[in-house]
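Worksheet: the structure to be examined is printed underneath.
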Amino acid sequence: MENKTFYNEVVTDHNMHPLHKHELEDPDIVLDGVNPSCGDEISLGLKVSDGVITDGAFIGDGCAVSQASADIMLELVIGRTIDEAKHLSKLFLKMIKSEATPEEIEELEEAGALEDISHMPARVKCAVLGWHTLEEMIKRLDRM
Amino acid sequence: MTMDTKINEYRKMFPLLSDDIAYLDNAATTQKPECVLDAVRKYYERDNANPFRGVYDLSERATESYENARKAVADFIGAGSSSEIVFVRNATEALNLLAYSWCEDNISEGDEIVVSVMEHHSDFLPWKYMAEKKGAKLVRLEPEKSGAVTDEALDRALSGKTKIVALTQVSNVLGYANDMAHIAERIHENGALFVVDGAQSVPHMKVDVKQLGCDFLAFSGHKMYAPMGIGVLYGKMEHLEKMRPFMYGGEMIQTVHWDRVTYAEVPHRFEAGTVNVSGAVGLSEAISFINNTGWEFIRSREALLTKKAMEGMKQIPGIGILGSEKVQDHEGIITFTVDGVHPHDVADILGKSGVCIRAGHHCAQPLMDFLGVKSTNRVSFAFYNTEEEVDRFLNELSKVRGLMGYGE
């Protein structure tokens, strides 16, 4: 049987050499996300100023998919407005459900490398952990 | 007949086993032989009716099928009588039944319940819940890192207030088989009762409740070639007959009136509602299958596969094996970590090549904490596995770190 794997370079690289996996100094909001079936966990922190995500970081423990996906997500949303982050989050979840167009996947930049996860139900929760946590944070920011 | 031919003959009896996959997650559940599937089917084709209720011949046949299965289980584990066998869904339900029912009348504030830190959540959470409910103390029994329970550890955990001790015979993570007869003696000298979780032992070794000296034994059918949804709680009659029901409803009563109820005799008192006759029939057939295959053959095969796997794993860089370094301390179970690679990634990579192993905390998070690991991988064997499957597992495992970006 062929060893089909979605552990492509983008995923393994972000897993081994994450850009945003560290403690964030003076975050404006911090939220923990847990995936109980696998035990993946992340703690996501953001700095937000005038509706723009100016910085973000996470710490966590989990499989390569969950950790790389969170790292790729931060790379994508830092410097963007909250509304843009919401939009990207919607696109990512669409992609995971195999409902995104090629143009939409293009918009997701490196996060598009996780497209194949849509065919692996057992791993979907890992890929969306960071994004779900981000969505929940945005909801809380909206209420602030 | 050569060994390979003999194993191939056995593998043909299991419809799901093929060369496509290497099924190495037998501690989670085993595959089912044709004879068990046939027995279940034949029960429904020939003998199915609601047992205990009808007086017609068909219902009596259903009752007989169920009670014959109970006798087969009693003989298999050396129980004093069939009445000491309570059919439940699985070991989890057996342990919940026991904890809820027994603790309700036998545990008071200040009493102590001893549970080892290596228990499966099913032998931990019911005791934890009842201890909290009754204001009792849940006392930690700490094994060695191998899983061995020493006399010193027992001495530390037991006290004059200990009422009951729950311990697994074989850890589902470490694979270590403890000397239960010796432990039972110490616990009884201390005046407490002894509950054995046999989920990982009963399928892989001769377990005799009289030799173990336990008061209760819980196990699941699905880990020993029987269907899912049938399990067993064995209890000494002197304890069972004093226990209150766990669930209330049909078939567990003698008489019911608006203002007074008397409950059925043991074991029916604990089997409320229409029972799982086909599951019991399947379990009975699985027991015949094990007896016909023979413990000597089953045990020697599983020991050989475990030895081959463990020796091979020690040759692969970055693999850490939990528990004892000695292969004979692993009853068909090897739990391990891969440096720098999360267990879910390991299991996923192997899974893509058809090698089925487990990843996670194995429903034993307190043990993971105790050993200082978050989650791990586990490979576990049944006698029907082959040396080729072990080679396939080792070969795929050796590629994992490379695939995840670690150089040579």
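Protein chains in written order, with our numbering: chain A, 71 to 214; chain B, 11 to 418. The beta-carbon is built from N, C-alpha and C at its ideal position, and this holds for glycine as well. Since this is a predicted model, take the numbers as computed values, not measurements.
Item to check | Status (buried if at least 16 other CB within 10 Å, exposed otherwise) for A/Met71 | outcome: At A/Met71, the pLDDT of 36 sits below 50, so the modelled position is not reliable and the matter cannot be decided from this model.
Item to check | Residue from A/Asp141, A/Met214, A/Ile208 and A/His189 with nearest C-alpha to A/Glu179 | outcome: A/Asp141
Next on the checklist: When you compare the CB of A/Met71 with every CB in chain B, is at least one pair closer than 8 Å?
Outcome noted: For A/Met71, the predicted model reports a pLDDT of 36, less than 50, meaning its position is unreliable; a value from the coordinates is still stated below. Chain B contact via Cβ: present.
Item to check | Selection from B/His249, B/Val271 and B/Glu251 that minimises the alpha carbon distance to B/Gly259 | outcome: B/Val271
Checklist entry - Can you check whether the CB of B/Ser408 is closer than 8 Å to the CB of B/Ile344? => result no
Item to check | Proximity to A/Glu177 [Cα-Cα], best of A/His90, A/Glu79 and A/Ser159 | outcome: A/Ser159
Next on the checklist: Strictly by DSSP, which residues pair up with B/Arg388?
Outcome noted: B/Thr345 and B/Arg368
Next on the checklist: Let me confirm a value: B/Asp57 is counted as buried when at least 16 other C-beta atoms fall within 10 Å, else exposed. Which label applies?
Outcome noted: buried
Checklist entry - On the three-pair Cβ rule with 8 Å, is the region 127-145 of chain B touching the region 97-114 of chain B? => result yes
Checklist entry - Alpha carbon to alpha carbon, how far is B/Asp133 from B/Glu122? => result 16 Å
Checklist entry - Can a CB atom of chain A be found closer than 8 Å to the CB of B/Lys384? => result yes
Checklist entry - So is A/Met86 in contact with chain B if we call contact Cβ pairs under 8 Å? => result yes
Item to check | Counterpart residues of B/Arg150 in DSSP-defined beta bridges | outcome: B/Val125
Checklist entry - Whose CA, out of B/Arg196, B/Asp48, B/Ser310 and B/Phe97, lies closest to the CA of B/Gly239? => result B/Phe97
Item to check | Proximal residues of chain A, C-beta to C-beta of B/Met190 below 7 Å | outcome: The contacting residues do not exist; B/Met190 stays about 31 Å from chain A at best.
Checklist entry - Excluding five sequence neighbours on each side, which residues of the same chain lie with their C-beta closer than 8 Å to the C-beta of B/Tyr66? => result Ala59
Checklist entry - On the three-state DSSP scale, how would you describe B/Gln179? => result coil
Checklist entry - So A/Ala127 and A/His90 are in contact, right, with Cβ under 8 Å, and what is the actual spacing, rounded? => result 5 Å
Item to check | B/Leu203 - containing beta strand (DSSP E), residue span | outcome: Leu203 to Asp207
Item to check | Sub-8 Å separation of B/Leu108 and B/Phe299 beta-carbons | outcome: no
Item to check | Delimiting residues of the beta strand (DSSP E) encompassing B/Thr272 | outcome: Val271 to Tyr273
Next on the checklist: Taking the alpha-carbon of B/Glu261 as reference, which of B/Met247, B/Pro136, B/Gly64 and B/Val217 has the nearest alpha-carbon?
Outcome noted: B/Gly64
Item to check | C-alpha gap between A/Met86 and B/Tyr416, whole angstroms | outcome: 9 Å
Checklist entry - Beta-carbon of A/Ala134 versus every beta-carbon of chain B: anything under 8 Å? => result yes
Checklist entry - Is B/Ile326 close to chain A, meaning its C-beta is less than 8 Å from at least one C-beta of that chain? => result no
Next on the checklist: Using a 10 Å radius around the Cβ and a threshold of 16 neighbouring Cβ atoms, would you call A/Leu114 buried or exposed?
Outcome noted: buried
Checklist entry - Do the region 157-176 of chain A and the region 103-113 of chain A touch if we need at least three Cβ pairs shorter than 8 Å? => result no
Item to check | Members of the region 365-384 of chain B that neighbour chain E once the beta carbon cut-off is set at 7 Å | outcome: The structure shown has no chain E; the protein chains it does contain are A and B.
Next on the checklist: Whole angstroms are fine: how far does the CA of B/Asp355 sit from the CA of B/Leu413?
Outcome noted: 10 Å
Checklist entry - What are the boundary residues of the alpha helix (DSSP H) that includes B/Asp379? => result Gln375 to Leu381
Checklist entry - Looking only at its own chain, which residues have a Cβ that is under 7 Å from the Cβ of B/Ala79, when we skip the five neighbours before and after it? => result Ala290, Val291, Leu293 and Ser294
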